[in-house]
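Notes to accompany the following structure.
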Amino acid sequence: MKLLTATFLCVAALLISECRGDDEACKKPNVHDYLDEMLEKAREELPDPIRLPPRSSFVDLSDGVLWGLSNLTRLGDAEVQCLDENTIVVKAKVTTDELKGRYTWQKERRNQSPREGYVVFISHDFEAAIDFRVAKNNGEITHPVLERFEIKKFKNAKVEITGMGFLTWALGEMTTLMSGVFQRAIAHSVQGPLEEALQRQMREIDIQCAKDYDFTKFCNE
């Protein structure tokens, strides 16, 4: 199977919302414009901030929130993969400028009131991969189908912890631990809502203008 950079293909004849067979826009569309519009609509459906699930490790973490999904954008060029004469897959990456999050932490102490504080993080290294399929069925174009949404990068988060004076010996261990906890918590919380929002947008896309498009062009080039 052959990967083709979308920059060099007139792919978006398959990927423009609300276009019709006699619409001039169907002849010269752009796959990146389609992706950007889809992400813009998906962002409107996502809460910002989004709630993070509670976690329990060295300390108990609760009241987690995450900010930054309102800045979700496409990262780089998309690619088109030809599966057969009736099916193509578009592959792309998405990112956001900045993700910020916060948990309230609490540590129980024997015969004393619990200690608590905040764990705050910020990350500029978030990346997710999306794949969606466009196919013909008996000559008719089906709605694009989201086949994969996978968080590929979420690391190098800067973590700050308040209220740690009583545990200064554990600060280094806590910071490393919290960074990993945040990565897992955010991946778990963000992936589902994002995937659902993107899939809803794809179900609303009308690409019937592509029903007469020759998919074999993607296979033969």
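Count the sequence shown with mature numbering (1 follows the signal peptide of the UniProt record, and there is no 0) and you get residues -21 to -1, 1 to 200, in order. For glycine and all other residues, C-beta sits at the position ideal for the given N, C-alpha and C.
Under the three-state DSSP convention, the category residue i falls into
{"i": "P172", "result": "helix"}
{"i": "E106", "result": "strand"}
{"i": "D63", "result": "strand"}
{"i": "L125", "result": "strand"}
{"i": "V160", "result": "helix"}
{"i": "D42", "result": "strand"}
{"i": "D56", "result": "strand"}
{"i": "N116", "result": "strand"}
{"i": "A21", "result": "helix"}
{"i": "R30", "result": "strand"}
{"i": "R89", "result": "coil"}
{"i": "L51", "result": "coil"}
{"i": "A166", "result": "helix"}
{"i": "E95", "result": "strand"}
{"i": "E139", "result": "strand"}
Rounded C-alpha distance that separates residue i from residue j
{"i": "D110", "j": "D104", "result": "20 Å"}
{"i": "R182", "j": "V124", "result": "8 Å"}
{"i": "T52", "j": "R163", "result": "22 Å"}
{"i": "K86", "j": "A114", "result": "54 Å"}
{"i": "T67", "j": "R179", "result": "Note that residue 67 corresponds to Ile in the displayed sequence, not to Thr. Answer to the nearest angstrom: the Cα atoms are 20 Å apart."}
{"i": "K131", "j": "D15", "result": "20 Å"}
{"i": "Q170", "j": "E23", "result": "16 Å"}
{"i": "A4", "j": "D12", "result": "Low confidence applies here, because A4 scores a pLDDT of 44, under 50, leaving its location unreliable; read the following figure in that light. Rounded to the nearest angstrom, the two C-alpha atoms are 12 Å apart."}
{"i": "D1", "j": "L62", "result": "Per-residue confidence for D1 stands at a pLDDT of 48, beneath the threshold of 50, marking its modelled position as unreliable; the derived number appears in the next sentence. Roughly 27 Å between the two C-alpha positions."}
{"i": "P93", "j": "W84", "result": "10 Å"}
{"i": "A57", "j": "V69", "result": "7 Å"}
{"i": "T75", "j": "W46", "result": "10 Å"}
{"i": "N65", "j": "H122", "result": "13 Å"}
{"i": "V38", "j": "V59", "result": "46 Å"}
{"i": "S36", "j": "N117", "result": "54 Å"}
{"i": "L78", "j": "R112", "result": "29 Å"}
{"i": "Q91", "j": "E175", "result": "45 Å"}
{"i": "K20", "j": "E126", "result": "19 Å"}
Short Cβ contact (8 Å threshold) for residue i with residue j
{"i": "L48", "j": "L25", "result": "yes"}
{"i": "A166", "j": "F133", "result": "yes"}
{"i": "S168", "j": "L31", "result": "yes"}
{"i": "G96", "j": "G142", "result": "yes"}
CB-CB length for residue i against residue j, believed under 8 Å
{"i": "P28", "j": "S41", "result": "P28 to S41, Cβ: 15 Å. No contact."}
{"i": "R81", "j": "V99", "result": "5 Å"}
{"i": "V138", "j": "A107", "result": "Between A107 and V138 the Cβ distance is about 21 Å, and since that is not below 8 Å, they are no contact."}
{"i": "I101", "j": "A136", "result": "7 Å"}
is_contact[residue i, chain B] using C-beta, thresh 8 Å
{"i": "R22", "result": "Although the question refers to chain B, the structure presented lacks it and comprises just one protein chain."}
According to DSSP, residues forming a beta bridge with residue i
{"i": "F37", "result": "None; F37 has no bridge partner."}
{"i": "Y82", "result": "V98"}
{"i": "K132", "result": "E106"}
{"i": "T74", "result": "T52, E106"}
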